[in-house]
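A.B. asks: Handing you a structure now.
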């Protein structure tokens, strides 16, 4: 009996050790970063917190940037307009009667050229902050109309219990959109287990103009999401899952059908679709370093990575590392947006946007 118990204990130890090594490997603990890629042209500052997500406006001369201090929810966040060539930024957030801590954003451009901005907003705390007492973080999708000069006008808010931990949003129309829930659980022990056990408990929800519903499940930290310009495809990035998934989209119902799913590549964050159809992703090649950086942004650095994906026939894909650094000049990049001769980098915790040459 004792011998059987020792064998069982030994096997359990091997399984645990194997899991720990697997987690360390996926977390980049054994990865050596060799910086390379295009040189920075300029660094844009003037933000109240991290620059988690960005969108370049039609014309390519300026970009809208989502900025929030995820470590301190008492700091007011905002949407900023960046002049890409001049390297300047200005707050274009209208006066609001609610807390504004923007996260993922997406710009819808209508057939007539009208622009509408969709914003994930954490009223009272995000996934990086614990909410004290009986206060519950309220997660909302805010919608703004965008004027020619970049000024925002508040339109409305969308709320649902299905928005339990929204990270990013992708507009499919003036009143329809997808949103990713990166976790099932809020900040705390359950969420920690969800991450380190790599449980597929996240999902994607869709708002069809009248109601929310779940359209994809089983994701491991569902993060960036984007709809192609013709509305026929949707791309999803998973951070812990480390993969990009391409879906065919039903334009009448919003339903998603899996077409291609990549293997594990890196700790993927936000994604953007280029004019040639390629998918660009800001990524964290050393996820454990990013966890340390998120806890102590002033003293811990996290490498930043830019990946470009191409998708061919169903099941066919390829990826290319465009850029990687050792945590400078920007640490913990969350978005890599391709533009005309430039690539814009945002960061989860750092109050800057880096403009790279392309």
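Numbering (the numbering used here), first residue to last: 957 to 1314.
For each residue, glycine too, the CB sits at the ideal point set by N, CA and C.
On the DSSP letters alone, give me the boundaries of the alpha helix (DSSP H) that residue 1269 sits inside.
C.D. replies: No alpha helix (DSSP H) holds residue 1269; DSSP gives it neither H nor E.
A.B. asks: Can you grab the Cα-Cα spacing for the pair residue 1089 / residue 1081, in whole Å?
C.D. replies: Confidence in residue 1089 is poor, its pLDDT being 47 and thus under 50, which makes the residue's placement too unreliable to answer from.
A.B. asks: Would you mind working out which of 1215, 1162, 1222 and 1261 sits nearest residue 1198, comparing C-alpha positions?
C.D. replies: 1222
A.B. asks: Whose C-beta lies closer than 8 Å to the C-beta of residue 1050 among residues of the same chain, with five residues either side of it excluded?
C.D. replies: 1100, 1107, 1108, 1109 and 1110
A.B. asks: Out of 1260, 1313 and 1182, which one is the CA nearest neighbour of residue 1302?
C.D. replies: Relative to the Cα of residue 1302, the nearest Cα in the group 1260, 1313 and 1182 belongs to 1260.
A.B. asks: Looking only at DSSP bridge pairs, what is residue 1046 linked to?
C.D. replies: Its beta-bridge partners are 1037.
A.B. asks: Alpha carbon to alpha carbon, what distance is there between residue 1265 and residue 1171?
C.D. replies: 23 Å
A.B. asks: With C-beta atoms as the reference, is residue 1134 less than 8 Å away from residue 1061?
C.D. replies: No, Cβ-Cβ distance for residue 1134 and residue 1061 is not below 8 Å.
A.B. asks: Where does the unbroken beta strand (DSSP E) through residue 1059 begin, and where does it stop?
C.D. replies: 1058-1065
A.B. asks: Classify residue 1090 as helix, strand or coil using the three-state DSSP reduction.
C.D. replies: Because the pLDDT of residue 1090 is 47, which lies under 50, any placement of that residue in the model is unreliable, and the question is left without a value.
A.B. asks: I need the straight-line Cα distance from residue 1103 to residue 1075, nearest angstrom please.
C.D. replies: 16 Å
A.B. asks: Pull up the CB-CB distance for residue 1065 and residue 1004, whole angstroms please, since I reckon it's below 8 Å.
C.D. replies: That belief does not hold up - the Cβ atoms of residue 1065 and residue 1004 are roughly 27 Å apart, past 8 Å.
A.B. asks: Give the single residue among 1120, 1121, 1132 and 1124 whose Cα lies nearest to the Cα of residue 1112.
C.D. replies: 1132
A.B. asks: Looking at the secondary structure, which residues open and close the beta strand (DSSP E) in which residue 1170 lies?
C.D. replies: 1168-1175
A.B. asks: Apart from the five residues on each side of it in sequence, which residues of its chain come closer than 6 Å, Cβ to Cβ, to residue 1283?
C.D. replies: The answer, listed in chain order, is 1257, 1258 and 1259.
A.B. asks: If we ignore side chains and look at the alpha-carbon of each, how far apart do residue 1155 and residue 1174 end up?
C.D. replies: 8 Å
A.B. asks: DSSP state of residue 1100, grouped into three classes?
C.D. replies: strand
A.B. asks: Within the chosen definition, does the stretch 1176-1194 reach the stretch 1114-1134 through at least 3 CB pairs nearer than 8 Å?
C.D. replies: yes
A.B. asks: What are the partner residues of residue 1216, as DSSP defines its beta bridges?
C.D. replies: 1202
A.B. asks: Would DSSP call residue 1052 helix, strand or coil?
C.D. replies: coil
A.B. asks: Which word fits residue 1205, buried or exposed, when buried means at least 16 other C-beta atoms lie within 10 angstroms of its C-beta?
C.D. replies: buried
A.B. asks: Leaving out five residues on either side along the sequence, give the residues of the same chain with a beta carbon under 7 Å from the beta carbon of residue 1130.
C.D. replies: The residues 1064, 1066 and 1072, in chain order, have a CB closer than 7 Å to that of residue 1130 in the same chain once the five nearest residues on each side in sequence are set aside.
A.B. asks: Using the rule of at least 16 other Cβ atoms within 10 Å of the residue's Cβ for burial, across every protein chain shown, is residue 1115 buried or exposed?
C.D. replies: exposed
A.B. asks: One question on the structure: do residue 1227 and residue 1262 come within less than 8 Å of each other, judged by their Cβ atoms?
C.D. replies: No, the Cβ-Cβ distance between residue 1227 and residue 1262 is not below 8 Å.
A.B. asks: Can you list, in chain order, the residues of its chain with a C-beta nearer than 7 Å to that of residue 1285? Leave out the 5 residues immediately preceding and following it.
C.D. replies: 996, 999 and 1310
A.B. asks: Less than 8 Å between the beta carbons of residue 1035 and residue 1045, yes or no?
C.D. replies: Not in contact: residue 1035 and residue 1045 (Cβ atoms no closer than 8 Å).
A.B. asks: Starting from the N-terminal side, write out each stretch of the alpha helix (DSSP H) that is 4 residues or longer and does not extend beyond the stretch 1117-1198.
C.D. replies: 1145-1152
A.B. asks: Between the alpha carbons of residue 990 and residue 1312, how many angstroms are there, rounded?
C.D. replies: 18 Å
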